[in-house]
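Taking it in order: structure first as structure tokens, then the write-up.
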Amino acid sequence: MEKECVRFAILDLNAGLPNQGMRCIREIVERWADEKQVDLIYDVFDVRVKNELPDLSYDIYISSGGPGDPLSTRFDDWDINWNKWLKETLRWNENPGNEQKKYVFFICHSFQLASRYFNAGLICKRKSTSFGVFPMHMLPEANANPVFENLSDPFYAVDSRDFQLIQPNFDILNEMGAYITCIEKERPHVPYERAVMGISFNPYMFGTQFHPEADAAGMLKHFQSEDKRKMVIENYGEPKLSSMIDQLKDPDKIMWTNKHLIPNFLNEAYSHIVSVSFVES
């Protein structure tokens with residue numbers, strides 16, 4: 001039997017800065033293809049430095065995290081083109097004549113850009129940077145979403161951001177068939193709203209404010225940096241830093257999320273690809 005070929009586009013929004021996320025995304029995609037025994041073609045597009053965007057010939061798109069203010073780049077060429085790409089992908093999926101839909105996963109900075117595009121709520125700067133390993137709390141709607149299969153509530157993930165999405169526009173989300181999947185941990189001792197940490201924008205587009213691709217090796221590298229250690233200690237205290245480092249060794253924490261969340265999304269996309277290919281053949 002001929003192997004199915006899956007075409008991936010990975011959109012790199014890291015603005016040329018060194019990061020662990022791209023390595024993690026590539027490893028997840030390669031591991032998934034290996035487990036599924038599918039032929040994998042993937043191309044990486046440097047969105048912010050080279051203004052590269054993929055066309056609509058790919059099956060699955062993963063748009064990465066990245067640095068900076070998601071509100072300040074609206075008139076940058078790359079941002080305009082990223083939004084154009086998103087609009088074209090939506091139009092493709094909304095066209096009943098296109099049975100093969102395009103699946104998109106937005107991570108962190110891309111999640112903020114998508115939330116801005118869809119007017120999902122208020123995007124604003126946090127009082128302080130959030131960085132580390134934190135629990136993510138699922139909302140009831142997420143229980144039926146296959147992307148969260150085999151994840152506990154709460155599950156643990158890496159959070160790294162200066163901005164946040166709060167005050168969701170529920171009317172707009174409901175109207176477009178979107179729903180919030182998870183939120184950050186409740187902190188009764190601080191007077192801040194809990195941020196939205198995940199949204200299912202439509203059946204084919206899914207985003208998380210956290211980094212589901214992060215792995216222990218990448219985070220250990222971060223925690224070896226004096227700046228990052230200092231940031232965690234100043235914001236959360238030394239015991240919290242020790243606890244985060246311990247959690248990296250726990251297979252049920254971020255490594256569990258790494259092995260399940262994006263792969264679950266890829267499984268969903270692949271089921272769709274196979275079902276459409278089967279009908280066409």
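No gaps in the numbering here: position 189 of the sequence shown is 189 in UniProt numbering, and each next residue is one more. Note that beta-carbon positions come from the ideal geometry of N, C-alpha and C, so glycine has one too.
- Here DSSP, grouped into helix, strand and coil, assigns N83 to helix.
- Contact annotation: R7 and S57 have beta-carbon atoms nearer than 8 Å.
- A buried status is given to Q247, since no fewer than 16 other beta-carbon atoms sit within 10 Å of its beta-carbon.
- Here the alpha carbon of V274 sits roughly 39 Å from the alpha carbon of S130.
- The DSSP-derived three-state label of D46 is strand.
- Under the three-state reduction of DSSP, G21 is assigned to helix.
- When only Cα atoms are considered, T89 and I25 end up about 21 Å apart.
- Nearest in C-alpha terms to I123, of all of A142, R194 and N81, is R194.
- In the DSSP assignment, Y61 falls outside any alpha helix (DSSP H) and lies within the beta strand (DSSP E) extending over I60 to S63.
- E141 has its alpha-carbon roughly 25 Å from the corresponding atom of R161.
- For S115 against I199, the beta-carbon gap comes to about 7 Å, under 8 Å, which counts as contact.
- V47 sits close to D12, with the two beta carbons spaced by under 8 Å.
- The beta-bridge partner set that DSSP reports for L40 consists of V6.
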